[in-house]
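Notes to accompany the following structure.
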Amino acid sequence: MPSSNWYKGNIHTHTTESDGDADPEFVTTWYRDHGYDFLVLSDHNHRTILEHEIEDGPLMIPGEEVSSRIFGGSVPIHLNAIGIRHVVEPTNLDDIVETLQANVNAILSAGGIAQLNHPNYEWAFNHEHITQVDGASLMEIHNAHPAVNGYGAPGKPGVEEMWDLVLSAGTIIFGTATDDSHNYHDYTPDASNPGRGWVVVNAPELTVDSIVEGLATGNFYSSNGVTLANLTITQESIELEIEPDRSMIYVTTFSGQDGKTLSEVEGHTAVYQIKGDEGYIRATVRSSGGTRAWTQPVFTV
Numbered sequence: 003m004p005s006s007n008w009y010k011g012n013i014h015t016h017t018t019e020s021d022g023d024a025d026p027e028f029v030t031t032w033y034r035d036h037g038y039d040f041l042v043l044s045d046h047n048h049r050t051i052l053e054h055e056i057e058d059g060p061l062m063i064p065g066e067e068v069s070s071r072i073f074g075g076s077v078p079i080h081l082n083a084i085g086i087r088h089v090v091e092p093t094n095l096d097d098i099v100e101t102l103q104a105n106v107n108a109i110l111s112a113g114g115i116a117q118l119n120h121p122n123y124e125w126a127f128n129h130e131h132i133t134q135v136d137g138a139s140l141m142e143i144h145n146a147h148p149a150v151n152g153y154g155a156p157g158k159p160g161v162e163e164m165w166d167l168v169l170s171a172g173t174i175i176f177g178t179a180t181d182d183s184h185n186y187h188d189y190t191p192d193a194s195n196p197g198r199g200w201v202v203v204n205a206p207e208l209t210v211d212s213i214v215e216g217l218a219t220g221n222f223y224s225s226n227g228v229t230l231a232n233l234t235i236t237q238e239s240i241e242l243e244i245e246p247d248r249s250m251i252y253v254t255t256f257s258g259q260d261g262k263t264l265s266e267v268e269g270h271t272a273v274y275q276i277k278g279d280e281g282y283i284r285a286t287v288r289s290s291g292g293t294r295a296w297t298q299p300v301f302t303v
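In terms of the numbering used here, the sequence shown opens at residue 3 and continues consecutively.
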């Protein structure tokens with residue numbers, strides 16, 4: 003990643019324009035007050051635009067959660083459309099891959115980039131489906147909504163493991179952390195609150211085009227609580243520095259093809275020298291408090 007600026011944002015957010023419990027102005031103000039640089043309001047099948055500009059508010063990137071249900075409504079297929087020029091009408095077909103692909107194509111046609119949302123929500127789709135889809139830039143590897151089954155179940159991989167399976171199959175897709183926030187007043191374990199998952203994009207400037215390009219090309223890291231003070235990724239190495247938080251202990255795992263652990267490093271700094279035969283390399287930082295950060299993969303073949 004080139005030396006540039008780092009911008010924190012959330013790219014999966016709901017308001018009263020779909021099924022959130024706060025209006026767009028309230029939601030945007032919450033993210034402003036909590037230090038976010040950019041925000042995507044991604045209401046279901048609706049492109050939410052603020053009626054009034056929020057003073058000193060985050061950069062607003064137009065978006066939508068394109069939401070389908072197929073097979074008689076039993077399988078939800080949700081994708082985030084980020085940076086779109088107009089509303090994307092969802093497509094419902096009698097096949098999971100075909101429905102995913104048709105909606106990805108529609109998002110691209112609307113000038114946006116496509117994110118595959120919470121694959122394990124109602125066990126909708128898995129890595130075998132994702133590897134058959136062309137054109138999606140992103141997939142959620144951490145979604146803070148309590149109902150998305152992010153850690154999997156017997157015989158069903160969690161979404162981070164699913165990401166490794168997709169990458170190992172040769173599909174280039176970048177992993178995001180998101181709030182999928184709906185609840186802004188009730189803070190309980192069963193609520194989907196803001197501030198629990200975000201991306202930090204490396205971009206030359208804080209503009210819609212620069213942020214969307216950074217997401218599309220993997221120039222970002224994802225987090226649900228760990229902050230990186232520095233991250234440098236080249237074809238030769240991955241180097242990172244963690245911003246300490248109280249007395250937490252950090253372990254960085256560098257993993258590659260088939261999710262194989264290549265190296266583990268304890269401490270506030272970690273370096274991996276790329277050998278060239280790993281297939282891909284990515285880093286996961288884990289804190290003793292249970293939070294994580296994820297870097298994007300570097301492909302070596």
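Note that the Cβ used here is the ideal one computed from N, Cα and C, for glycine as well.
Computed from a predicted structure; not experimentally measured.
Open item on the list: So, with DSSP's three-state summary, where would you put Y38?
Closed with: By one-based count along the sequence shown, residue 38 stands at place 36. Reduced to three states, the DSSP call for Y38 is coil.
Task: Counted within 10 angstroms of its Cβ, other Cβ atoms place G278 as buried (16 or more) or exposed - done: In the sequence shown, residue 278 corresponds to position 276, counting from 1. Exposed is the call here.
Task: Local Cβ density within 10 Å of A285, reported as buried at 16 or more and exposed below that - done: Stepping through the sequence shown from its first residue, residue 285 is reached at position 283. By the neighbour-count rule (16 or more Cβ atoms within 10 Å), A285 is buried.
Open item on the list: Let me see if you follow: with CB-CB separation under 8 Å, is S257 close to chain D or not?
Closed with: Judged by its chain identifiers, the structure shown contains no chain D, having just a single protein chain.
Task: Same chain, Cβ closer than 8 Å to N7, neighbours up to 5 away in sequence not counted - done: Residue mapping note: residue 7 aligns to position 5 of the sequence shown, counting from 1. Within the same chain, N7 has close Cβ partners N204, A205, P206, E207, L208.
- [ ] Out of I174, A295, N105, V89, point me to the one whose CA is closest to P78's CA.
- [x] Your numbering for residue 78 matches position 76 in the sequence shown. Selected option, being the one with the closest Cα: N105.
Task: Bridge partner(s) assigned by DSSP for G11 - done: Numbered from 1 along the sequence shown, position 9 holds the residue referred to as residue 11. Per DSSP, F40, V201.
Open item on the list: Since Q298 and G220 should fall inside the 8 Å C-beta cutoff, what is the C-beta to C-beta distance between them, to a whole number of angstroms?
Closed with: Taking the first residue of the sequence shown as 1, we reach residue 298 at position 296. Taking the first residue of the sequence shown as 1, we reach residue 220 at position 218. Sure, about 4 Å apart at Cβ, within 8 Å.
TODO: Output yes or no for whether 8 Å exceeds the beta carbon distance between L169 and G137.
DONE: Here residue 169 refers to the residue found at position 167 of the sequence shown. Here residue 137 refers to the residue found at position 135 of the sequence shown. No, these two residues do not count as a Cβ contact at 8 Å.
Task: CB of V42 within 8 Å of CB of T15, strictly - done: In the sequence shown, residue 42 corresponds to position 40, counting from 1. In the sequence shown, residue 15 corresponds to position 13, counting from 1. Going by C-beta atoms, V42 is nearer than 8 Å to T15.
Task: Minimum length 4: unbroken alpha helix (DSSP H) runs contained in the segment 119-178 - done: Those alpha helix (DSSP H) runs which fall completely within the segment 119-178 and span 4+ residues are 129-132, 161-170.
TODO: Go through its chain and collect everything with a Cβ distance to E163's Cβ below 8 Å, but skip five positions before and after it.
DONE: Within the sequence shown, the letter at position 161 stands for residue 163. These residues qualify, in order along the chain: G154, G261.
Task: C-alpha distance - I174 paired with L167, whole-angstrom precision - done: Numbered from 1 along the sequence shown, position 172 holds the residue referred to as residue 174. Numbered from 1 along the sequence shown, position 165 holds the residue referred to as residue 167. Going by C-alpha positions, I174 is about 11 Å away from L167.
TODO: Closer than 6 Å by C-beta to I51: which residues in its own chain qualify, once you throw out the five before and the five after it? Chain order, please.
DONE: Against the sequence shown, residue 51 aligns to sequence position 49. Short of 6 Å from the beta carbon of I51, and not among the five residues preceding or following it, lies no beta carbon of its own chain.
Task: Nearest-angstrom Cα separation, counted from V267 out to R198 - done: On the sequence shown, position 196 is the one that residue 198 refers to. On the sequence shown, position 265 is the one that residue 267 refers to. Going from the Cα of R198 to the Cα of V267 covers about 25 Å.
Open item on the list: Can you tell me whether Q275 is helix, strand or coil according to DSSP?
Closed with: Translated into the one-based positions of the sequence shown, residue 275 becomes position 273. Reduced to three states, the DSSP call for Q275 is strand.
TODO: May I ask you to report which of helix, strand or coil DSSP gives F339?
DONE: Residue 339 cannot be examined here, being either before or after the span of the chain that is shown, 3 to 303.
TODO: Could you tell me if Q103 is buried or exposed, where buried requires 16 or more neighbouring beta carbons within 10 angstroms of its beta carbon?
DONE: Walking along the sequence shown from the start, residue 103 turns up at place 101. Looking at its Cβ environment, which holds 16 or more other Cβ atoms inside 10 Å, Q103 is buried.
TODO: Might you give, ordered along the chain, the residues of its own chain that have their beta carbon closer than 7 Å to the beta carbon of M3, omitting 5 neighbours on each side?
DONE: Residue 3 sits at position 1 when you count from the first residue of the sequence shown. Low local confidence applies: a pLDDT of 44 at M3 is under 50, so the model's placement there is unreliable, and no value is given.
Task: Buried/exposed call for H36, threshold 16 Cβ in 10 Å - done: Mapped onto the sequence shown, residue 36 falls at position 34. By the neighbour-count definition (other C-beta atoms within 10 Å, threshold 16), H36 is an exposed residue.
Open item on the list: By the three-class DSSP mapping on this structure, what secondary structure does Y33 have?
Closed with: Here residue 33 refers to the residue found at position 31 when the sequence shown is read from its first residue. Of the three classes helix, strand and coil, the one that applies to Y33 here is helix, per DSSP.
Task: Spatial neighbours of G113 in its chain, beta-carbon cut-off 7 Å, leaving aside the 5 residues before and after - done: In the sequence shown, the residue the question calls residue 113 occupies position 111. Excluding residues up to 5 positions away in sequence, G85, I86, R87 lie with their Cβ nearer than 7 Å to the Cβ of G113 in the same chain.
Open item on the list: Can you tell me where the alpha helix (DSSP H) holding V210 begins and where it ends?
Closed with: Locating residue 210 in the sequence shown gives position 208, where the first residue counts as 1. V210 -> alpha helix (DSSP H) spans 210-218.
- [ ] Select from L81, I244, N122 the residue whose C-alpha is nearest the C-alpha of I13.
- [x] Taking the first residue of the sequence shown as 1, we reach residue 13 at position 11. Per the Cα distances, L81.
TODO: Classify P156 as buried or exposed, calling it buried when 16 or more other Cβ atoms lie within 10 Å of its own Cβ.
DONE: The residue labelled residue 156 in the question sits at position 154 within the sequence shown. Classification for P156: exposed.
- [ ] Please state whether DSSP places E53 in a helix, a strand or coil.
- [x] Translated into the one-based positions of the sequence shown, residue 53 becomes position 51. Three-state result, E53: coil.
Open item on the list: Let's test the definition: count the other Cβ atoms within 10 Å of the Cβ of A149 and tell me whether it reaches 16, buried, or not, exposed.
Closed with: Sequence index remark: in the sequence shown, residue 149 carries index 147 (1-based). When all chains shown are included, A149 counts as exposed.
- [ ] Pick helix, strand or coil for I283, following the three-state DSSP scheme.
- [x] Within the sequence shown, numbered from 1, the residue matching residue 283 stands at position 281. Here I283 sits in strand by DSSP.
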